[in-house]
Structure formats: C-alpha cells, structure tokens
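Asker: Sharing a structure with you now.
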Amino acid sequence: MIKNIVFDIGMVLADFRYEEYMRKDLNFPETVVQIFADRLVRNSIWDELDLGVRETEDIISEMKSRVPEYPREAELFFDRIADIIKTYPYSRPWLADLKSRGYKVYLLSNYPRDTYTIHEKKHFDFAKLADGKVISGFERLSKPDPAIYRLLFKRYSLKPQECVFLDDRQVNIDAAMAEGMKAILFTSYEDAHEKLEAMIG
Numbered sequence: 002m003i004k005n006i007v008f009d010i011g012m013v014l015a016d017f018r019y020e021e022y023m024r025k026d027l028n029f030p031e032t033v034v035q036i037f038a039d040r041l042v043r044n045s046i047w048d049e050l051d052l053g054v055r056e057t058e059d060i061i062s063e064m065k066s067r068v069p070e071y072p073r074e075a076e077l078f079f080d081r082i083a084d085i086i087k088t089y090p091y092s093r094p095w096l097a098d099l100k101s102r103g104y105k106v107y108l109l110s111n112y113p114r115d116t117y118t119i120h121e122k123k124h125f126d127f128a129k130l131a132d133g134k135v136i137s138g139f140e141r142l143s144k145p146d147p148a149i150y151r152l153l154f155k156r157y158s159l160k161p162q163e164c165v166f167l168d169d170r171q172v173n174i175d176a177a178m179a180e181g182m183k184a185i186l187f188t189s190y191e192d193a194h195e196k197l198e199a200m201i202g
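Printed below as a string of structure tokens:
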C-alpha cells in the first residue's frame, strides 16, 4: 500500500529555466547563453554545487574562472540566481490534494545548499506542505547514490515499498527502484499525474 509520495524538485515541481533566465532576464546574447550552459550548468562542476562537499564560494569562484572572457556576465549570472528557477503552477495544488487524501509528501532533490535556501524562501510555496525533505547540498550525498535514498527512509521512518518516487532522470528512477521504491519517470505533469493516480487510486 502506498502511503508516501516523494518528489524531486527541478523539472518536476519547478522549472530549472537556466537558458530562459540568461536570454530573457539577463539579456545575454545566444553565444554567451550556450557558453555558460556548457561550461557551467551542463557540466560536472554544477554537480559539485549539488553535492555540497566544497564551499559554495569556492565552486562559484572556479565557475567564474571558466568564463574569463565574460566577467560582467558571470557576476550577473550569480547575482540574480534566485530567478533561475520558477515553481510550476500545478505544484502546490498537487501536493495539497495528495495531503488532503491522507498521503505523506516528501522532497528528495539534488540541489545546492545556498541556492536551495534562497529558492525555498522566494519560490517554493509547496515546500511548507512537505512532511520532510532530503536536499543533497545539506547532506553531502546526491542521487543516484543509494545512501541518499536510505537516508530519507531512516530519517522519516519510511518503508521503501510504501513510497512512490517521481524524478525526471532515469538514472535516479532506477536507483530508487533498486532500493525498493515504486517510481515514475517524470516527463510532464499530465503523464505523471495519470500514472500516479493509477498507482495509488
């Protein structure tokens, strides 16, 4: 019997809109957008931010050094990083509906520690509905490491077989299922909602 719904955040409950952020909010030329995307975001150094092992300031300093030809743009990118993500309009109502039906709701996300703190205050109106959360940057563990799933179970006394996990990355879904959870690969709200209802209804 499913009792707990576990959500990833980025691209599930909130839009990680890094390209739109650079194009529309910062007015970067397309060349700069792609350079920043490749060197900073679609890069293993962003995973280091998520993991939280190194100090955020050190990683950001290294990131800036990777785009030395764009010092002004690099400052802008990090100064306004609160706007790099926006909550999807369906997120809070979705969690509220599940809770109204007696399900527990948890967050399990790879997310930089300092950025998560900023985004939760500014954007994540769904966060207060969560019964618990495990965020990589605070734990120094990240998906798909089995340890981060086990931490969720231990911290909140959850049985894996009573949990459904929703995530947009297949590797994280596979890891969750290996730990005994049911899981749904998130491709759209409509698809995930339908699959979740079929699973718990």
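Here the working numbering is used: the first residue of the sequence shown is 2, the next is one more, and so on.
Ideal Cβ positions, reconstructed from N, Cα and C, are used throughout, including at glycine.
(1) Beta carbon of V7, beta carbon of F166: below 8 Å?
(2) At 4 residues or longer, what runs of the alpha helix (DSSP H) sit wholly inside the stretch 75–101?
(3) Taking DSSP as the reference, what is the three-state secondary structure of S66?
(4) Excluding the 5 residues preceding and the 5 following M12 in the sequence, name in chain order all residues of the same chain whose CB lies nearer than 6 Å to its CB.
(5) Would R23 and I46 be called neighbours here (beta carbons separated by less than 8 Å)?
(6) For A38, tell me which candidate among L153, F78, N111 has the shortest Cα-Cα distance.
(7) Per DSSP, what are the beta-bridge partners of F8 in this structure?
(8) Could you have a look at L14 and say whether DSSP puts it in helix, strand or coil?
(9) Cα-Cα, which of R102, D115, T116, A131 is closest to F108?
(10) To the nearest angstrom, report how far apart D115 and D51 are at their CA atoms.
(11) Assuming R156 and V135 are in contact, meaning their beta carbons sit under 8 Å apart, how far apart are those beta carbons, in whole angstroms?
(12) Measure how close the beta-carbons of Y190 and Y91 come, nearest whole angstrom, since I'm counting them as under 8 Å.
(13) Just to confirm, are S137 and D9 a CB contact at a threshold of 8 Å?
(14) What separation, rounded to the nearest whole angstrom, lies between the Cα atoms of H194 and L14?
(15) With 16 other CB atoms within 10 Å as the buried threshold, where does G53 fall?
(16) Using the Cα positions of Y89 and K122, report the straight-line distance between them to the nearest angstrom.
Answerer: On the basis of the coordinates in this document:
(1) yes
(2) 92–101
(3) helix
(4) D169
(5) According to the sequence displayed, residue 23 carries Met and not Arg. Result no, Cβ atoms of M23 and I46 do not sit closer than 8 Å.
(6) F78
(7) L108, L167
(8) coil
(9) The sequence given here places Leu at residue 108; Phe does not occur at that position. Closest option to L108, Cα to Cα, is A131.
(10) 10 Å
(11) 7 Å
(12) 5 Å
(13) no
(14) 12 Å
(15) buried
(16) 15 Å
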